[in-house]
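Asks: Residue numbers (my numbering), protein chains in the order written: chain A, 1 to 277; chain B, 1 to 277. Every residue, glycine too, gets a C-beta built ideally from N, C-alpha and C. Got a structure for you, questions after.
There are 2 protein chains.
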Amino acid sequence: MPALPLTDFSRLCVHTITTRPWSIEEAGERYAAAEVKGITVWRQWLEGRDVAIAGQRLREAGLEIVSLCRGGFFPAEDALGLQQAIDDNLRTIDDAAALGAPLVVLVCGALPGQPLDESRRQIADGIAAVLDHARAADVKLAVEPLHPMYADSRSAVNTMRQANDLCDQLDSPAVGVAVDVYHLWWDPELKTEIERCGRAGRIFAFHVCDWRTPTEDLLNDRDLMGEGCINLPQIRGWVEDNDFDGFIEVEIFSNRYWAMDQDRFLEMIKDAYLRKL
Amino acid sequence: MPALPLTDFSRLCVHTITTRPWSIEEAGERYAAAEVKGITVWRQWLEGRDVAIAGQRLREAGLEIVSLCRGGFFPAEDALGLQQAIDDNLRTIDDAAALGAPLVVLVCGALPGQPLDESRRQIADGIAAVLDHARAADVKLAVEPLHPMYADSRSAVNTMRQANDLCDQLDSPAVGVAVDVYHLWWDPELKTEIERCGRAGRIFAFHVCDWRTPTEDLLNDRDLMGEGCINLPQIRGWVEDNDFDGFIEVEIFSNRYWAMDQDRFLEMIKDAYLRKL
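Given below as C-alpha cells:
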C-alpha cells in the first residue's frame with residue numbers, strides 16, 4: 001500500500017550534490033540548522049579536506065552520515081584500467097571508513113565502445129575484488145541501477161532485476177542495492193524486484209527526486225518530489241513494506257534548482273518531504 | 001551470431017522523418033534516385049495530400065511502402081479522450097490502407113499525471129478496440145516499445161518483454177512488434193525477448209539508428225549507424241536469426257543531420273548501411 005505521510009524529519013537525508021553551491025562545511029551547517037538529520041557526501045566535496053575531520057564536524061553538527069557517493073566505474077579497456085578502477089574503489093572505501101560513512105554507493109560504469117555484457121562481467125569482477133577490503137573496513141556497498149539512458153557511459157546495470165542478479169552472484173552481506181526512484185520508476189517489474197531485494201535483506205538505500213516533463217537535460221534536470229510524474233508514495237510503500245526503514249535521501253541534480261537560493265530550496269525540499277512522499 | 005554484411009540496398013527503407021527537410025514528393029524522388037527500396041511515411045507528411053495518390057506516386061517511383069508512422073497514444077484522462085484516441089487510430093488505419101501501407105507503427109502513449117499501470121491497461125483496451133477494423137482493412141499493427149526515458153509522456157510500453165506480453169494478451173495475428181535498436185539496445189533481456197517474439201511470428205518491423213555519447217537532446221539527437229555505441233550487427237543477427245527478413249528501416253531524429261545537405265546525408269546512410277550494420 002502507499003506509504004503513510006512522513007510527519008517529521010528524522011529520516012530526511014540530503015545529498016551534498018543536491019545543494020551543489022554549498023561546500024561541505026556550509027551544507028553541514030545549513031542542513032543541521034534546518035533539522036535535516038542525515039547527509040550523504042559526494043566524494044568531490046572532500047577534496048582538499050582531512051576526511052576524518054570532515055566527518056567529525058558533520059557529526060558534531062548533529063548529522064548522521066548516511067553514505068559516500070560514489071564508487072564504481074569498474075569497466076575499462078585494458079588490464080591497467082581495470083586495476084586502476086579497483087584501486088580507486090579501495091581508496092573510496094578507505095575514505096568512507098575515515099569519514100564514518102557505513103555505505104558506498106556504486107555507479108557501476110560503462111564504456112561506449114564496449115559490449116554491455118563485457119562491462120557487466122567487469123563490474124561483477126570489480127566488486128568481487130574489493131569485497132574483502134569493504135568487509136574489513138566495515139563499509140557496505142550499494143549497487144545503484146541507473147536509468148537505461150545512462151547505459152552508454154555511466155552504468156551497464158540498469159534495472160532492479162540486474163542489481164538483484166548481481167547481488168545473488170556476489171552473495172555477500174556487504175553488497176546490496178540503492179533504490180533510486182529516478183532510475184527505476186518506469187520498470188513494470190519494480191514492485192516484484194523490490195520485494196525480491198527486501199526478502200534478501202539487500203535494500204541498503206532509498207533515493208528520491210522526481211521526473212520532469214519535459215526533461216531538457218539528460219543529467220541535470222531532475223525535479224523536486226511532487227513536481228514530476230513519479231508515484232512516490234507507491235514506491236516508498238513498496239520499499240517500506242519490504243523492511244526498509246532507513247533514511248530517505250534527496251538527490252536532485254538540477255541546473256534550475258542549483259541556480260536558486262539554496263536555503264529557500266532546502267525549505268522546498270522539506271515541504272515536499274512532508275507533503276509529497 | 002552477428003549478421004552478415006549487407007551487400008545491396010534491396011532491404012533498405014528510410015523514414016520520411018529521417019530526411020525531415022524533404023516533402024513526401026521530394027523524399028520519394030530522392031530515395032528512388034538513390035536506390036533506396038522502401039519508404040516509411042510519417043503521418044504529417046500526408047497533410048494536405050490525397051493519401052491514395054501519394055501512395056500511388058511513391059509506388060510509381062519504384063518504392064515499396066513499408067509502414068505508416070504512427071498510431072497509438074491511447075491513454076487519456078477521461079472517456080471522451082479515450083474515444084478520441086480510438087477514433088484517431090481508426091482514421092490512421094484507413095490512411096494506411098489508402099496509402100497502401102501494410103503496417104501501422106504504434107507509439108502507445110502515456111500521460112505524465114497517470115499511473116503507468118493505468119496507461120498500460122488503456123493501451124491494451126485501445127488496441128483491442130481497433131483490431132477488427134485493422135483486420136478488415138488488411139493492415140497490421142506493430143507495438144513499438146519506447147526507451148524508458150519516454151515513459152512519462154510518449155509510451156508506457158518500454159521493453160520487448162512488455163510488448164510481447166501485450167501481444168500475448170491481445171492474441172491476434174494482426175498485432176506484432178516493431179523492434180527499434182535505439183529504444184531497446186540496453187536491455188539485458190533483449191536477445192531472449194527477440195527470440196520469444198520471433199517464435200510467435202511477431203517481429204513486424206526493424207528500425208535502426210545509433211546512440212550518441214553524449215546525447216544532448218532526449219528527442220532529436222540520434223546518431224547515424226556506426227557512429228554510436230549500439231552493437232548493430234549483434235542485434236540485427238538476433239532479429240534475422242528469428243525469422244525476420246523484412247526491411248531495415250533507418251529512422252534518425254537528429255537536429256544535427258537535418259541541418260546538413262540531405263542528399264549528402266542519404267549517401268552517408270547508404271554507406272553506413274553497407275559498412276556498419
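1. What are the complete beta strand (DSSP E) segments, minimum 3 residues, inside the region 175-242 of chain B?
2. Which of helix, strand or coil does DSSP assign to A/V130?
3. Buried or exposed: which applies to A/I53, given that a residue is buried once 16 or more other Cβ atoms fall within 10 Å of its Cβ?
4. Can A/A33 and A/T16 be called in contact, C-beta distance under 7 Å?
5. What does A/H147 pair with, by DSSP beta-bridge criteria?
6. To which residues of the same chain is B/P148 closer than 7 Å at the C-beta, ignoring the five residues directly before and after it?
7. In the DSSP assignment, the beta strand (DSSP E) including B/I65 goes from what residue to what residue?
8. Could you tell me which chain A residues have their CB closer than 7 Å to the CB of B/T192, listed as they occur along the chain?
9. Determine the burial state of B/D119: buried for a count of at least 16 other Cβ atoms within 10 Å of its Cβ, exposed for fewer.
10. Ignoring anything shorter than 4 residues, give me the alpha helix (DSSP H) runs that lie fully in the region 64-123 of chain A, in order along the chain.
11. Which whole-angstrom value describes the C-beta separation of B/D152 and A/T213, a residue pair presumed to lie in contact below a C-beta threshold of 8 Å?
12. On the premise that A/F247 lies in contact with A/C13, defined as a C-beta separation below 8 Å, what is that separation, rounded to the nearest angstrom?
13. Please report how far the alpha carbon of A/W45 lies from the alpha carbon of A/V104, in whole angstroms.
14. Give me the Cα-Cα distance between A/Q83 and A/P21, rounded to the nearest whole angstrom.
15. Just to confirm the assignment, what range does the beta strand (DSSP E) spanning B/L12 have?
16. From A/D138, A/G72 and A/Y150, pick the residue whose C-alpha is nearest to that of A/D125; which is it?
17. From A/V250 to B/V36, what distance separates their C-alpha atoms?
18. Identify the continuous beta strand (DSSP E) that holds B/I248 and give its terminal residues.
19. Can you pull out the residues from the region 207-232 of chain B whose beta carbon lies closer than 8 Å to at least one beta carbon of chain D?
20. Along chain B, in chain order, which residues have C-beta atoms closer than 8 Å to that of A/L170?
21. Using a Cβ cut-off of 7 Å, pull out every chain A residue sitting near B/S153, in sequence order please.
22. Helix, strand or coil, according to DSSP, for B/G55 in the structure here?
23. Count the other C-beta atoms from every protein chain shown that fall within 10 angstroms of the C-beta of A/A97, then say buried if there are 16 or more, exposed otherwise.
24. The alpha helix (DSSP H) spanning A/G28 covers which residue range?
25. Give a yes or no on whether 7 Å exceeds the smallest Cβ distance from B/M1 to chain A.
26. Please return the same chain residues whose Cβ sits closer than 6 Å to the Cβ of B/E227, not counting the five positions on each side in sequence.
27. Comparing the C-beta of A/N242 with each C-beta of chain B, is any distance below 7 Å?
28. Can you tell me the Cα-Cα spacing of B/A101 and A/T192, whole angstroms?
29. Mind checking which residues open and close the alpha helix (DSSP H) that includes A/W258?
30. Let me check one thing: in DSSP terms, what residues is A/S155 bridge-paired to?
31. Can you tell me the Cβ-Cβ gap for B/P145 and B/A110, rounded? I've got them flagged as a contact below 8 Å.
32. Who are the neighbours of A/Q162 on chain B, taking C-beta pairs under 8 Å?
33. For the region 20-40 of chain B, which residues have a CB atom closer than 8 Å to at least one CB atom of chain A, in sequence order?
34. Which value, in whole angstroms, describes the spacing of the CA atoms of A/R57 and A/E77?
35. Let me check understanding here. Comparing Cα to Cα, which of A/T7, A/T19, A/R11 and A/S10 lies closest to A/I252?
36. Anything in chain A within Cβ reach of B/G81, meaning under 8 Å, just list it in chain order.
Replies: Looking at the atomic coordinates:
1. 175-180 and 203-208
2. helix
3. exposed
4. no
5. DSSP lists no partner for A/H147.
6. N158
7. E64 to G72
8. Per Cβ cutoff of 7 Å: no residues; B/T192 is ~13 Å from chain A at best.
9. Correcting the residue type first, residue 119 of chain B is Ser in the shown sequence and not Asp. The residue in question, B/S119, is buried, as its Cβ has 16 or more Cβ neighbours within 10 Å.
10. 79-99
11. 5 Å
12. 4 Å
13. 15 Å
14. 33 Å
15. L12 to H15
16. A/G72
17. 51 Å
18. I248 to V250
19. Here the protein chains are A and B, and chain D is not one of them.
20. The contacting residues do not exist; A/L170 stays about 17 Å from chain B at best.
21. T213
22. helix
23. buried
24. I24 to A33
25. no
26. D210
27. no
28. 40 Å
29. N255 to W258
30. A/G109
31. About 12 Å; that fails the 8 Å criterion.
32. P188
33. none
34. 40 Å
35. A/T19
36. Going along chain A, no residue has its Cβ under 8 Å from B/G81, so there is no contact; the nearest lies around 17 Å.
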